[in-house]
Amino acid sequence: MSQSVCEKACFILTKTNDGDDLSPQHLYLLQEMVNGHLTKWGEQEFEKLYLSAQAGYVKPWFHGIEHMTVDHIGYVLWKGRVVEHYDSPWRWTQEAKAQAEEVARRCRHLESIEVVPSTKNIIWTWPD
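Residue numbers are given in UniProt numbering: position 7 of the sequence shown equals residue 7, and the series is strictly consecutive.
In structure tokens:
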């Protein structure tokens, strides 16, 4: 017998700290699946998410930038530390991606000189 959508959603939530560890897109996907609002393609993506949770879910990189993630309220993290905040839906634009790439460049630079990146030294006190 196959598992129900509800059982799969509960499993995903259990494996991802009640959904807190899911990317915003994956949490939305889960919500839409539970509410029955997905197309066949969306249902396939939900199944991929379920399999990912079984294998040990890893949050995808924000805009594909290694070591950068974003949480549900828009905080951008570099290796788990908050370095910026982007509002939604702007955070998903190409302009936001370009700015995120600049933030990542600054983070890598600071790490290369053994300084821990933070919002303060990435944004507020960065020399222009």
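Ideal placement from N, C-alpha and C gives every residue a C-beta, glycine not left out.
Span of the alpha helix (DSSP H), counted from its first residue to its last, around residue i
i: T14; result: V5 to K15
i: E47; result: K40 to A55
Secondary structure of residue i, DSSP reduced to three states
i: V115; result: coil
i: residue 148; result: In the structure displayed, the chain extends from 1 to 128; residue 148 sits before or after that span and is not available.
i: V103; result: helix
i: H37; result: coil
Straight-line Cα distance separating residue j from residue i
i: V76; j: D18; result: 20 angstroms
i: G42; j: Y86; result: 26 angstroms
Residue i, enclosing beta strand (DSSP E) - first and last residue
i: V34; result: Element bounds for V34: not the beta strand (DSSP E) but the alpha helix (DSSP H), P24 to V34.
Closer than 8 angstroms: residue i CB and nearest the ligand GTP heavy atom
i: E84; result: Summarising the ligand content, the structure contains no ligands, and the ligand GTP is consequently not present.
CB-CB length for residue i against residue j, believed under 8 angstroms
i: R108; j: I122; result: No, R108 and I122 are not in contact; Cβ-Cβ is about 11 angstroms, not under 8 angstroms.
- Determine contact between the stretch 88-102 and the stretch 62-77, defined as no fewer than three beta-carbon pairs at a distance below 8 angstroms. yes
- Task: Could you tell me whether the stretch 52-63 touches the stretch 15-30, using the rule of 3 or more Cβ pairs below 8 angstroms?
- Result: yes
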